[in-house]
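Colleague:
Number of protein chains: 2
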Amino acid sequence: MRLSKKKRQSRLIESFQKNPFLTDEEMAKQCSVSIQTIRLDRMELGIPEMRERLKHMAEKSFDEVRSLSPEEVIGEVISLELDQSGVSVLEISVDHVFERNQIARGHYLFAQANSLAVAIVNADLVLTRSAAIRFVRPVTLGEKCVAHAKVVQKQPSRFQVDVETKVLDDMVFQGVFDVYRATN
Amino acid sequence: MRLSKKKRQSRLIESFQKNPFLTDEEMAKQCSVSIQTIRLDRMELGIPEMRERLKHMAEKSFDEVRSLSPEEVIGEVISLELDQSGVSVLEISVDHVFERNQIARGHYLFAQANSLAVAIVNADLVLTRSAAIRFVRPVTLGEKCVAHAKVVQKQPSRFQVDVETKVLDDMVFQGVFDVYRATN
Chain A
62 MRLSKKKRQS
72 RLIESFQKNP
82 FLTDEEMAKQ
92 CSVSIQTIRL
102 DRMELGIPEM
112 RERLKHMAEK
122 SFDEVRSLSP
132 EEVIGEVISL
142 ELDQSGVSVL
152 EISVDHVFER
162 NQIARGHYLF
172 AQANSLAVAI
182 VNADLVLTRS
192 AAIRFVRPVT
202 LGEKCVAHAK
212 VVQKQPSRFQ
222 VDVETKVLDD
232 MVFQGVFDVY
242 RATN
Chain B
62 MRLSKKKRQS
72 RLIESFQKNP
82 FLTDEEMAKQ
92 CSVSIQTIRL
102 DRMELGIPEM
112 RERLKHMAEK
122 SFDEVRSLSP
132 EEVIGEVISL
142 ELDQSGVSVL
152 EISVDHVFER
162 NQIARGHYLF
172 AQANSLAVAI
182 VNADLVLTRS
192 AAIRFVRPVT
202 LGEKCVAHAK
212 VVQKQPSRFQ
222 VDVETKVLDD
232 MVFQGVFDVY
242 RATN
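Protein chains in written order, with the working numbering: chain A, 62 to 245; chain B, 62 to 245.
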């Protein structure tokens, strides 16, 4: 169903605010218009393209990971506030899927969420004690998984970190991680 | 503390029965004797060496994995009875550990357990729905993780699989996996 230009543009503003990782292509599909139309909309509205949006986010809120070497985080960390929250993106490639059905293997989604849960903790030694996780819907080749992690409970040596991973608006994974942090 | 030969030999029988993956070297360390002594004990007792023990186990109880390509299982599957139980071994290499402390990354232990939980189900399409997991103690470089999976509940389209992973006698990981299996 095609929306009026006004409705489409207000939807654009809302969608990009909710999910800065949305590409023009995905947005075009959602609105049943061409990519060119979305680009023009963005220009009229003054919304920068995705790469610029991410750069802006990264500059605004980017603490350095302390508990891991940055390259040990599975997925790309896009935003990080130590002891508060973090966001990472993992695009599902052929290396991540079962050969027979192109569905992403669960441990990659787990690894993305788990490493983000560890990365947001401000300590040199952080280990996962336990986790309760749920694979909400299968993720397939090419999908972009955006994980949001949030510290919901802090004790001197234990943190509870909740992680929600979405593909566009679809929840695909949820996890509650209980992590241990060594107090120095 | 050194045991008498008789006590050592009865301990050997018990240990190898409980854990067929024990090497002579590990057993020697446990008993504070030389590897040669353990070899002689095994000969006297008629216990074959580890490679032979594993081969024997493998011949005795080895169904074929159906839900995955065999090379998609993380770790080496040593025993498998579809819809019943399975055992796999994962030796922690430099690829599996954090560079700064040589502790195995949680997602590898999760991947071993999760893929085994899927592998033991007799169906073409098996997906993990949810899991509750616990990392009992850190695992370090070179340790050999033996995961035992057991189907504890069967419904037509849902199985509960419990997995316990040990290094020698030490529990290092526990997981309860709720897996979905497509009924054909």
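Glycine included, every Cβ here is placed at the ideal spot set by N, Cα and C.
Using alpha carbons as the reference points, say which of A:Val-197, A:Gly-203, A:Thr-84 lies closest to Glu-110 (chain A).
Modeller: A:Thr-84
Colleague: Find the residues of chain B that neighbour Glu-259 (chain A), judging by a C-beta separation of less than 8 Å, and give them in chain order.
Modeller: Outside the modelled stretch of chain A, which goes from 62 to 245, sits residue 259 (chain A), for which no answer is possible.
Colleague: Classify Glu-87 (chain A) as helix, strand or coil using the three-state DSSP reduction.
Modeller: helix
Colleague: Closest by CA to Gln-163 (chain A), which one among A:Leu-170, A:Tyr-169, A:Phe-171, A:Ser-154?
Modeller: A:Ser-154
Colleague: Tell me, to the nearest whole angstrom, how far the beta carbon of Asp-223 (chain B) is from that of Val-240 (chain B); I am working on the premise that it is less than 8 Å.
Modeller: The Cβ separation is near 11 Å, so there is no contact.
Colleague: For the beta strand (DSSP E) containing Ser-190 (chain B), list its first residue and its last residue.
Modeller: Note that residue 190 (chain B) is Arg in the sequence shown, not Ser. Run containing Arg-190 (chain B): 187-196, per the beta strand (DSSP E) assignment.
Colleague: Could you work out which residue in B:Val-94, B:Lys-66, B:Leu-141, B:Val-126 is closest to Leu-106 (chain B) when comparing CA atoms only?
Modeller: B:Lys-66
Colleague: Given 8 Å as the limit, is there contact between the region 204-224 of chain A and the region 70-90 of chain B, that is, 3 or more CB pairs closer than that?
Modeller: no
Colleague: For the alpha helix (DSSP H) holding Leu-151 (chain A), just list the boundary residues, first then last.
Modeller: No alpha helix (DSSP H) contains Leu-151 (chain A), which is instead part of the beta strand (DSSP E) from 146-152.
Colleague: How far does the beta strand (DSSP E) with Leu-141 (chain A) in it extend, from its first residue to its last?
Modeller: 137-142
Colleague: Give me the residue from A:Phe-220, A:Leu-229, A:Asp-231, A:Met-232 with the minimum Cα distance to Gln-145 (chain A).
Modeller: A:Phe-220
Colleague: What three-state label does DSSP hand Val-94 (chain B) in the structure shown?
Modeller: coil
Colleague: Assuming Ile-108 (chain A) contacts Phe-77 (chain A) (C-beta within less than 8 Å), just tell me the rounded distance between them.
Modeller: Between Phe-77 (chain A) and Ile-108 (chain A) the Cβ distance is about 6 Å, and since that is below 8 Å, they are a contact.
Colleague: Run through the DSSP bridge pairs and tell me what Gln-235 (chain B) is partnered with.
Modeller: B:Arg-195, B:Glu-225
Colleague: Any beta carbon of chain B sitting closer than 9 Å to that of Arg-171 (chain A)?
Modeller: Note that residue 171 (chain A) is Phe in the sequence shown, not Arg. Contact of Phe-171 (chain A) with chain B is assigned, a C-beta pair being separated by under 9 Å.
Colleague: Helix, strand or coil for Val-213 (chain A), going by three-state DSSP, please let me know.
Modeller: strand
Colleague: Judging by CA-CA distance, which residue of B:Gln-97, B:Lys-79, B:Ser-93, B:Arg-103 is the nearest neighbour of Gln-70 (chain B)?
Modeller: Among B:Gln-97, B:Lys-79, B:Ser-93, B:Arg-103, the Cα nearest to that of Gln-70 (chain B) belongs to B:Arg-103.
Colleague: Would you say Leu-229 (chain B) and Asn-80 (chain B) are within 9 Å of each other, going by their C-beta atoms?
Modeller: yes
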